[in-house]
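Undergrad: Per the UniProt record's numbering: the sequence shown = residues 1 to 323.
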Amino acid sequence: MLEKIAKLCTKHGFVFPVESRVNGSLLTCYDFGPMGAAFSSNILKEWWDSVVLNKPSIYPVINTAQTSCPDSVPIGMDKENPLFLPPSLAKGTLLWYPYVFSEMNHRLPLGIVQCGKCFTRENIDQSKFIYQSSVFTQLLLQYFVSPKDTNKWFGYWVQERLNWWRTVTTGKKSVVPQLIESSTILEQAMLAYLVDSYEEGVKNSDTKEMKKVIHLHPRLAPYKVAVATVHSQDHSTSEMREVADYVGLLLSESGIMALHLKESTLDSIYTKMDESGIPYCVIIDEKTFINGVVSLRSRDTSLKDQLHLSDVNWCLVKILETY
Numbered sequence: 001m002l003e004k005i006a007k008l009c010t011k012h013g014f015v016f017p018v019e020s021r022v023n024g025s026l027l028t029c030y031d032f033g034p035m036g037a038a039f040s041s042n043i044l045k046e047w048w049d050s051v052v053l054n055k056p057s058i059y060p061v062i063n064t065a066q067t068s069c070p071d072s073v074p075i076g077m078d079k080e081n082p083l084f085l086p087p088s089l090a091k092g093t094l095l096w097y098p099y100v101f102s103e104m105n106h107r108l109p110l111g112i113v114q115c116g117k118c119f120t121r122e123n124i125d126q127s128k129f130i131y132q133s134s135v136f137t138q139l140l141l142q143y144f145v146s147p148k149d150t151n152k153w154f155g156y157w158v159q160e161r162l163n164w165w166r167t168v169t170t171g172k173k174s175v176v177p178q179l180i181e182s183s184t185i186l187e188q189a190m191l192a193y194l195v196d197s198y199e200e201g202v203k204n205s206d207t208k209e210m211k212k213v214i215h216l217h218p219r220l221a222p223y224k225v226a227v228a229t230v231h232s233q234d235h236s237t238s239e240m241r242e243v244a245d246y247v248g249l250l251l252s253e254s255g256i257m258a259l260h261l262k263e264s265t266l267d268s269i270y271t272k273m274d275e276s277g278i279p280y281c282v283i284i285d286e287k288t289f290i291n292g293v294v295s296l297r298s299r300d301t302s303l304k305d306q307l308h309l310s311d312v313n314w315c316l317v318k319i320l321e322t323y
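1) Using only the alpha-carbon positions, how far apart do Gln132 and Leu141 sit?
2) So Tyr143 packs on Gly111, CB below 8 angstroms; how close in whole Å?
3) Answer yes if the stretch 302-314 comes into contact with the stretch 231-240, meaning at least three C-beta pairs across the two stretches below 8 angstroms, and no otherwise.
4) In the DSSP assignment, the alpha helix (DSSP H) including Glu199 goes from what residue to what residue?
5) If you reduce the DSSP assignment to three classes, tell me which class Thr229 lands in.
6) In angstroms, rounded to a whole number, what distance separates the CA positions of Gly292 and Ser50?
7) Look at the alpha carbon of Ala226 and the alpha carbon of Tyr270, and state the distance between them as a whole number of angstroms.
8) Taking just the CA atoms, how far does Ser232 sit from Pro17?
9) Quick one: using the 10 Å Cβ neighbour count with 16 as the cut-off for buried, is Gly201 buried or exposed?
10) Report the residue ranges of all alpha helix (DSSP H) runs contained in full by the UniProt domain "Anticodon-binding" (224-312); include only those spanning at least 4 residues, in chain order.
11) By DSSP, does Ile319 sit in helix, in strand, or in coil?
12) Lys45 lies in the alpha helix (DSSP H); which residues open and close that run?
13) At the level of alpha carbons, what is the spacing between Phe14 and Glu187?
14) If you pair each beta-carbon of the stretch 278-295 with each one of the stretch 310-323, do three or more pairs fall below 8 angstroms?
15) What residue from Thr322, Gln138, Ser57 has the CA that sits closest to Leu44's CA?
16) Which first and last residues belong to the beta strand (DSSP E) in which Thr64 is found?
17) Within the continuous alpha helix (DSSP H) that includes Leu8, where are the two ends?
18) DSSP three-state label for Leu95, please.
19) Would you please state the rounded distance, in angstroms, between the beta carbons of Ile278 and Leu320? I believe it to be under 8 angstroms.
20) Run through DSSP, which three-state label would Gln188 get?
21) Return yes when the C-beta of Leu110 is under 7 angstroms from any heavy atom of the ligand ATP, and no when it is not.
22) Out of Phe101, Val145, Lys4, Leu249, state which residue places its alpha-carbon closest to the alpha-carbon of Pro109.
23) Counting only the same chain and skipping the five closest in sequence on each side, list residues whose C-beta sits under 7 angstroms from that of Val61.
24) Can you have a look at Ser252 and say buried or exposed, based on whether 16 or more other CB atoms are within 10 angstroms of its CB?
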């Protein structure tokens with residue numbers, strides 16, 4: 001399955017494998033195209049919203065320049081004062097505890113979060129795709145608690161992971177805090193969601209061609225909506241594109257990311273939409289110029305609804321608000 005997902009990701013601009021050398025070390029890394037960049041950004045936002053926003057006593061930090069350690073790799077052109085990619089953000093994040101405790105909180109529990117690039121010297125198995133990469137993005141939470149509350153908070157994080165938690169006052173006595181650390185790798189999260197949402201099925205009885213669908217949750221989908229035009233003999237490509245641009249503009253003004261598809265046949269539109277994980281597609285055809293009606297197709301059901309052009313934006317906003 002990983003091989004099939006990797007081919008789809010390269011085909012549709014999610015991920016591209018690259019190799020480079022840093023100080024003699026061969027790095028196996030992955031660049032993100034438009035789809036992958038949007039997908040990873042959505043996962044990062046979900047993580048950030050869960051861990052930081054509306055949560056008590058959680059403080060974000062950023063270490064822009066890492067100090068050297070045995071497993072670090074130097075980067076940059078300045079040999080006298082090099083920067084380093086660390087194998088983990090844990091050490092740099094831990095160093096923030098005294099400042100955050102004394103200046104920001106003054107009590108336990110408290111959390112410190114950081115996300116950033118890390119490096120590993122381990123041999124990379126390329127068959128595992130983005131699950132293993134020389135350079136990866138770590139999403140880290142370090143949660144400091146009173147020793148008497150360690151078991152309670154550990155059990156809480158095991159069960160609830162990154163969900164809502166309540167603040168516990170432990171008093172002002174001097175204690176050595178216990179640390180609960182939660183960490184994940186953004187690229188591994190991307191692959192986990194791709195594997196979880198991947199589905200194959202028979203496309204039709206004649207060709208037996210396998211239909212591939214990425215059922216990404218709408219909040220994670222790189223683009224929520226695709227806007228496509230079907231070739232028309234009565235209307236020029238530029239006329240069709242003007243209508244598509246208008247729909248895309250309305251959606252963007254409502255905060256909905258829309259992708260304009262260049263495919264001109266329904267089969268190619270559906271394939272692009274399904275394999276890219278786009279939940280909905282607005283299809284503009286000859287009927288649009290006659291009565292203002294467009295088709296709204298669902299990726300997960302393959303059903304199409306007929307909507308007037310003026311209702312598309314309102315309808316999609318309402319649909320996406322339910323997720």
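Cβ atoms here follow ideal geometry from the backbone N, Cα and C, with glycine treated the same way.
TA: Walking through what the data contain:
1) 21 angstroms
2) A Cβ-Cβ separation of about 4 angstroms places Tyr143 in contact with Gly111 under the 8 angstroms criterion.
3) no
4) Where Glu199 is concerned, there is no enclosing alpha helix (DSSP H), although the beta strand (DSSP E) it sits in stretches over 198-202.
5) strand
6) Roughly 41 angstroms separates the two Cα atoms.
7) 10 angstroms
8) 38 angstroms
9) exposed
10) 237-253, 266-275, 286-291
11) helix
12) 34-51
13) 11 angstroms
14) yes
15) Gln138
16) From DSSP, Thr64 is part of no beta strand (DSSP E); its letter is neither H nor E.
17) 2-11
18) Here Leu95 sits in coil by DSSP.
19) At roughly 12 angstroms, the Cβ-Cβ gap does not stay under 8 angstroms, so Ile278 and Leu320 are not in contact.
20) Three-state result, Gln188: helix.
21) The ligand ATP is not among the ligands present in this structure, which contains no ligands whatsoever.
22) Val145
23) Once the five neighbours on either side are set aside, the close Cβ partners of Val61 are Thr93, Trp96, Ile112, Gln114.
24) exposed
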